[in-house]
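Taking it in order: structure first as structure tokens, then the write-up.
2 protein chains.
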Amino acid sequence: MAYFEIEKRELLKGLGLMQGIAGRKTTLPILSHIYMEWKRNSLFLTGTDLETGIQEELSAQVQEEGKASISSKKIYEIVRELPEQPIQIQKKENHWIYLKCGKSVFNIAGLDPEEFPSLPTWQEKLFTKIPTQIVKEMIEKTFFAASNEESRYHLNGIFFTQQKISGKDSIRMVATDGHRLSLMERETQVVKGIEKGVILPKKGILELRKLLGDKEGNEEMGVYCNSTHAFFKVGKSLMIIRLIEGEFPEYEQVIPKNNDKRLKVGKEMIYGSLRRVATMVSERAEGIKLNLKKSSMELSSYHQDYGDAREEVDIQYEGPPIEIGFNARYLMEAIQSIDTEDIQMELKDEGSPGVIRPTSFETPSQQICIIMPMRM
Amino acid sequence: MAYFEIEKRELLKGLGLMQGIAGRKTTLPILSHIYMEWKRNSLFLTGTDLETGIQEELSAQVQEEGKASISSKKIYEIVRELPEQPIQIQKKENHWIYLKCGKSVFNIAGLDPEEFPSLPTWQEKLFTKIPTQIVKEMIEKTFFAASNEESRYHLNGIFFTQQKISGKDSIRMVATDGHRLSLMERETQVVKGIEKGVILPKKGILELRKLLGDKEGNEEMGVYCNSTHAFFKVGKSLMIIRLIEGEFPEYEQVIPKNNDKRLKVGKEMIYGSLRRVATMVSERAEGIKLNLKKSSMELSSYHQDYGDAREEVDIQYEGPPIEIGFNARYLMEAIQSIDTEDIQMELKDEGSPGVIRPTSFETPSQQICIIMPMRM
Numbered sequence: 182m183a184y185f186e187i188e189k190r191e192l193l194k195g196l197g198l199m200q201g202i203a204g205r206k207t208t209l210p211i212l213s214h215i216y217m218e219w220k221r222n223s224l225f226l227t228g229t230d231l232e233t234g235i236q237e238e239l240s241a242q243v244q245e246e247g248k249a250s251i252s253s254k255k256i257y258e259i260v261r262e263l264p265e266q267p268i269q270i271q272k273k274e275n276h277w278i279y280l281k282c283g284k285s286v287f288n289i290a291g292l293d294p295e296e297f298p299s300l301p302t303w304q305e306k307l308f309t310k311i312p313t314q315i316v317k318e319m320i321e322k323t324f325f326a327a328s329n330e331e332s333r334y335h336l337n338g339i340f341f342t343q344q345k346i347s348g349k350d351s352i353r354m355v356a357t358d359g360h361r362l363s364l365m366e367r368e369t370q371v372v373k374g375i376e377k378g379v380i381l382p383k384k385g386i387l388e389l390r391k392l393l394g395d396k397e398g399n400e401e402m403g404v405y406c407n408s409t410h411a412f413f414k415v416g417k418s419l420m421i422i423r424l425i426e427g428e429f430p431e432y433e434q435v436i437p438k439n440n441d442k443r444l445k446v447g448k449e450m451i452y453g454s455l456r457r458v459a460t461m462v463s464e465r466a467e468g469i470k471l472n473l474k475k476s477s478m479e480l481s482s483y484h485q486d487y488g489d490a491r492e493e494v495d496i497q498y499e500g501p502p503i504e505i506g507f508n509a510r511y512l513m514e515a516i517q518s519i520d521t522e523d524i525q526m527e528l529k530d531e532g533s534p535g536v537i538r539p540t541s542f543e544t545p546s547q548q549i550c551i552i553m554p555m556r557m
Numbered sequence: 182m183a184y185f186e187i188e189k190r191e192l193l194k195g196l197g198l199m200q201g202i203a204g205r206k207t208t209l210p211i212l213s214h215i216y217m218e219w220k221r222n223s224l225f226l227t228g229t230d231l232e233t234g235i236q237e238e239l240s241a242q243v244q245e246e247g248k249a250s251i252s253s254k255k256i257y258e259i260v261r262e263l264p265e266q267p268i269q270i271q272k273k274e275n276h277w278i279y280l281k282c283g284k285s286v287f288n289i290a291g292l293d294p295e296e297f298p299s300l301p302t303w304q305e306k307l308f309t310k311i312p313t314q315i316v317k318e319m320i321e322k323t324f325f326a327a328s329n330e331e332s333r334y335h336l337n338g339i340f341f342t343q344q345k346i347s348g349k350d351s352i353r354m355v356a357t358d359g360h361r362l363s364l365m366e367r368e369t370q371v372v373k374g375i376e377k378g379v380i381l382p383k384k385g386i387l388e389l390r391k392l393l394g395d396k397e398g399n400e401e402m403g404v405y406c407n408s409t410h411a412f413f414k415v416g417k418s419l420m421i422i423r424l425i426e427g428e429f430p431e432y433e434q435v436i437p438k439n440n441d442k443r444l445k446v447g448k449e450m451i452y453g454s455l456r457r458v459a460t461m462v463s464e465r466a467e468g469i470k471l472n473l474k475k476s477s478m479e480l481s482s483y484h485q486d487y488g489d490a491r492e493e494v495d496i497q498y499e500g501p502p503i504e505i506g507f508n509a510r511y512l513m514e515a516i517q518s519i520d521t522e523d524i525q526m527e528l529k530d531e532g533s534p535g536v537i538r539p540t541s542f543e544t545p546s547q548q549i550c551i552i553m554p555m556r557m
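Those protein sequence lines, which keep their order, are chains A and B. Our numbering puts the first sequence at residues 182 to 557. Our numbering puts the second sequence at residues 182 to 557.
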């Protein structure tokens with residue numbers, strides 16, 4: 182009978198990465214399954230919700246080739262509890278599998294693996310290799326600004342495109358929900374298929390982020406897009422994300438050019454103050470007022486039922502007094518996305534969008550967060 | 182103006198213990214508040230949901246006595262974000278308070294503190310001092326067996342009573358949901374008001390458990406009951422729990438006397454096996470089958486959709502073969518509550534309740550878990 186042997190740790194790792202994708206949609210029973218195929222010295226796991234697909238290649242000792250389709254949740258539950266020992270899996274009649282580990286024996290019901298939907302085809306040669314760290318960083322610094330409103334589906338993702346920074350090739354990610362925008366670009370090789378830009382859905386991006394989660398700093402990953410999908414190859418894992426159709430807004434015209442009132446402030450200091458003053462914002466508007474004077478900024482908030490809060494923060498600022506309101510959560514999320522010790526804030530007047538950015542950057546790159554002001 | 186100063190850490194600790202009680206019921210606005218009274222060198226905090234009440238005495242520097250009633254959730258949110266510095270609180274007109282810490286200033290709306298419901302009165306002299314560790318242990322080893330079904334309200338708690346073990350005074354806790362029962366008793370001083378037994382509600386017990394959470398091993402606490410409430414004094418905290426009215430079932434007749442088929446098994450070993458085999462129990466009945474032979478027990482389960490599981494465990498057993506079914510979760514919770522390396526299981530036949538208990542105990546005490554069998 183077709184069977185293979187695999188270490189518990191290896192199988193558990195592979196199954197873990199599938200859990201956010203397989204079984205998310207329950208309309209089609211086989212989508213709650215994982216497709217397993219063992220051949221040569223590998224077990225290939227595939228999971229998909231038809232929008233995001235993932236395939237993992239795991240090391241296994243294969244005695245005879247075979248395939249199966251098994252409930253993603255159930256096999257994960259089982260493997261999680263197994264002792265740290267080799268697991269033997271064998272195909273049985275009627276699409277069942279037999280699983281043995283230590284003194285435990287399981288017979289697990291399956292579906293016909295031939296009915297498992299196949300992932301879009303990809304071509305190995307199209308992948309551009311770029312540092313994994315760059316993709317991870319660009320996601321971290323943009324995705325929080327994407328919209329969650331289902332009706333604005335073309336904003337429910339990250340716009341992924343390319344650009345020239347001082348004549349050099351770079352890639353850019355942008356996310357916006359109409360009230361704020363985050364943009365990050367880094368110099369690196371050109372990625373195929375993003376000349377005009379593509380929209381990566383937030384859900385797929387979050388799964389990709391999980392996949393990149395435990396990768397080391399100087400590894401590389403493969404990336405490319407075609408007209409319908411984005412392909413990411415990370416180690417022995419492949420993730421395929423269906424692109425969002427639609428036009429991403431003309432975001433470049435939103436980026437303020439003349440915000441001449443510049444201030445510098447310690448990131449942790451302003452973040453701590455914001456968290457405190459944000460305890461008194463109203464639930465709906467979440468507005469916080471910034472009152473800039475020479476070398477100091479007062480943050481204040483007011484809640485109809487609970488009361489008010491204010492705090493003064495030392496800043497580096499030489500410009501004229503200005504009073505401006507922002508959504509407290511947007512401010513905090515933008516500031517949190519910045520890695521430098523100080524942040525720079527650029528304002529124009531109380532009716533114009535504000536800019537938040539790092540004070541410096543080691544490599545040629547650019548990060549910018551834009552937040553629309555609020556009347557308070 | 183009436184004001185006091187308190188360390189952030191001290192206030193946060195006190196407010197943290199209130200969070201599970203104050204604000205749990207939203208019918209009466211003032212119940213979502215904390216009553217604060219500062220006098221002499223203390224701040225007294227009080228919270229209640231009218232079933233469980235808690236009062237904390239915290240160290241504070243009081244300039245002038247005062248009282249206030251403030252939203253429990255909001256003040257906790259605020260204090261959590263404050264820097265580790267002294268907090269000044271001052272009473273203002275209209276039941277508001279003014280709070281200052283570092284550079285942060287808050288004005289917080291309140292209600293008339295005179296409208297805060299008072300806790301039942303207690304008498305210091307009625308408290309019996311018993312080791313905190315004993316109460317903690319008795320709760321841990323019984324509360325999981327209490328019922329969650331609202332209709333069986335007299336089973337939604339722990340029966341707390343006294344007993345003689347070999348002529349010596351002891352206290353006993355018992356919980357049952359009708360399908361299983363856990364009992365623990367420990368030799369200690371007599372506690373007033375529990376001669377006939379009282380029923381402590383699960384919710385209050387869980388709050389008491391939190392309160393006991395960070396207490397050291399050899400501290401003592403005060404306990405007593407009257408006809409309506411149980412009183413617990415732990416350090417500078419007082420917890421008052423309204424008793425459940427109703428008759429606790431005649432549980433003593435449920436305790437099997439003639440379970441002559443005894444087996445011994447390593448706790449971690451059987452627990453691990455149960456977790457694995459339990460992945461294949463049916464959602465509703467959660468049944469697991471135990472098949473005892475000389476020196477070995479086979480655990481097995483069957484799920485209509487997912488398949489089956491089995492595992493063999495080495496045991497110390499000399500009796501005749503026996504096959505018996507139990508709810509897997511009940512078995513696991515009972516085994517988990519036992520601290521000894523091995524557990525003892527006592528069975529009679531497939532239709533009679535099973536007993537699980539520790540194999541030894543250092544101090545005169547008794548712990549027993551009883552589980553009704555299942556037809557499988």
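Using N, Cα and C, we set each Cβ at its ideal position, and we do this for glycine too.
Test: residue i CB closer than 9 Å to a CB of chain A
i        : result
MET461/B : yes
LYS470/B : no
GLY403/B : no
ARG205/B : no
THR284/B : Before going on, a small fix: residue 284/B reads as Lys here, not Thr. Yes, LYS284/B counts as interfacial toward chain A.
ILE259/B : yes
SER454/B : yes
GLY488/B : yes
SER252/B : yes
LEU263/B : yes
VAL536/B : no
Residue i at chain B interface by Cβ criterion, 9 Å
i        : result
TRP277/A : yes
SER491/A : Correcting the residue type first, residue 491/A is Arg in the shown sequence and not Ser. Yes - at least one Cβ of chain B is within 9 Å of the one on ARG491/A.
LEU192/A : no
SER328/A : no
ASN288/A : yes
LYS255/A : yes
LEU444/A : no
GLU433/A : no
VAL138/A : Residue 138/A cannot be examined here, being either before or after the span of chain A that is shown, 182 to 557.
CB contact flag (residue i, residue j, <9 Å)
i        : j        : result
LYS381/A : PHE412/A : Inspection of the sequence shows that residue 381/A is occupied by Leu rather than by Lys. No, the pair does not count as a contact, with Cβ atoms beyond the cut-off.
GLN343/B : ILE375/B : yes
GLN548/B : GLU366/B : yes
VAL458/B : ARG510/B : no
ILE187/B : ILE270/B : yes
SER546/A : SER351/A : yes
ARG317/A : LYS396/A : Residue 317/A is actually Lys in this sequence, not Arg. Yes, Cβ-Cβ distance for LYS317/A and LYS396/A is below 9 Å.
LEU419/A : ILE235/A : yes
PRO430/B : HIS276/B : no
ILE320/A : LEU212/A : no
Residues near residue i by beta carbon distance below 8 Å, same chain, minus five either side
i        : result
SER223/A : GLU238, LEU239, SER240, ALA241, VAL243
PRO267/B : GLU186, ILE187, GLU188, LYS189, CYS282
Nonlocal neighbours in the same chain, by C-beta distance under 7 Å from residue i, ignoring five residues either side
i        : result
THR540/A : LYS445, THR521, ASP523, ILE524, GLN525
LEU512/A : LEU455, ILE469, ILE552
ASN407/B : GLY374
ASP495/B : SER476, SER477
In DSSP terms, what residue i is bridged to
i        : result
THR233/B : ILE422/B
LYS272/A : ILE278/A
PHE225/B : GLU218/B, GLU238/B
SER518/A : BP columns for SER518/A are empty, so no partner.
SER546/A : ARG367/A
TYR405/A : PHE412/A
Contacting residues, own chain, Cβ-Cβ under 6 Å from residue i (five flanking each side not counted)
i        : result
GLU493/B : SER477, GLU479
PRO264/B : GLY283
| field | Segments assigned beta strand (DSSP E), at least 3 residues, entirely inside the segment 323–381 of chain A | value | 338–346, 349–357, 361–368
| query | Where are the alpha helix (DSSP H) runs, 4 residues long or more, that stay fully inside the segment 429–500 of chain A, in chain order? | reply | 448–458
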